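Numbering (the working numbering), first residue to last: 756 to 839.
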């Protein structure tokens, strides 16, 4: 696993990170890692959610997609009278 070092962190950011670490009961290092994982969408929670629904991802072939789009095309139409 790779390591990084942060230099010249401003006080406001340091206090925010320290406060969040105390609230979560985690180390400053763990808090920073969690924030970065959440920001970049690679948190363990997100990976778990993807795994829960993996069986439903990409299961339609092109013909099924075309049929679905044909049957739901009506939902893409907006009737101006509905908004008056």
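Heads up, the beta-carbon is just placed ideally off N, CA and C, and yes, glycines get one too. Here the structure is a predicted model, which means the values were calculated and not measured.
What is the rounded straight-line gap between the Cα of residue i and the Cα of residue j?
{"i": "residue 815", "j": "residue 806", "result": "18 Å"}
{"i": "residue 758", "j": "residue 776", "result": "19 Å"}
{"i": "residue 796", "j": "residue 836", "result": "41 Å"}
{"i": "residue 831", "j": "residue 838", "result": "15 Å"}
{"i": "residue 767", "j": "residue 828", "result": "51 Å"}
{"i": "residue 823", "j": "residue 811", "result": "15 Å"}
{"i": "residue 809", "j": "residue 780", "result": "32 Å"}
{"i": "residue 792", "j": "residue 826", "result": "39 Å"}
Let's test the definition: count the other Cβ atoms within 10 Å of the Cβ of residue i and tell me whether it reaches 16, buried, or not, exposed.
{"i": "residue 786", "result": "buried"}
Would you give the residue range spanned by the alpha helix (DSSP H) that residue i belongs to?
{"i": "residue 772", "result": "766-779"}
Whole alpha helix (DSSP H) elements within the stretch 786-830, 4-residue minimum
The qualifying runs are 799-808, 817-827.
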